[in-house]
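These notes are about the structure you will find just below.
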Amino acid sequence: MPPKQTDRTPLTPAAFHILLALAGEDQHGYGIIKSVLERSDGAVHLGPGTLYGNLKRFLALGWITELEERPAADSDDERRRYYRLTTAGRDLAKLEAKRLEALVKHAQTVRLLRKPA
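With the working numbering, letter number 16 in the sequence shown gets 38, and the count goes up by one each step, no holes.
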């Protein structure tokens with residue numbers, strides 16, 4: 023049975039990529055952009071408006087939090103803001119991953135995709 027849908031899913035691809043980037047580690051905005059580019063082999067580029075618009079919304083929804091603690095001043099730019107995925111954000115990202123997994127399984131069932139060997 024597919025995971026339960028909520029009023030928060032499905033997520034946009036950009037939103038899911040941002041949550042995935044933060045699921046691995048705390049990051050600042052440019053770090054998130056780089057992470058998404060690397061993970062997608064350059065196929066997904068988040069522009070600043072998309073990134074920071076989503077971050078603002080995620081903060082308001084409680085999916086992420088802005089960190090108070092910062093790296094050492096000599097290895098950091100003081101203008102950077104660092105973000106962390108909250109439990110609610112992680113739960114939502116898991117729900118979306120399960121939803122996508124169910125879609126992939128269905129695509130395999132109808133032979134659009136091959137099942138892994």
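We put the CB at the ideal spot given by N, CA and C, even for glycine.
Bear in mind the structure is a predicted one, so any value in this text is a computation, not a measurement.
| Check | Outcome |
| --- | --- |
| Simplified DSSP state of L107, which is helix, strand or coil | strand |
| Nearest-angstrom Cβ-Cβ length linking L77 and V66, presumed shorter than 8 Å | The pair is not a contact, with the Cβ atoms about 16 Å apart (cut-off 8 Å). |
| Exposure label - H128; buried when at least 16 CB within 10 Å | exposed |
| Whether A45 touches S57 by CB criterion (8 Å) | no |
| Pairwise C-alpha distance: E90 and V126 | 39 Å |
| Rounded straight-line distance, which links the Cα of Q49 to that of R101 | 13 Å |
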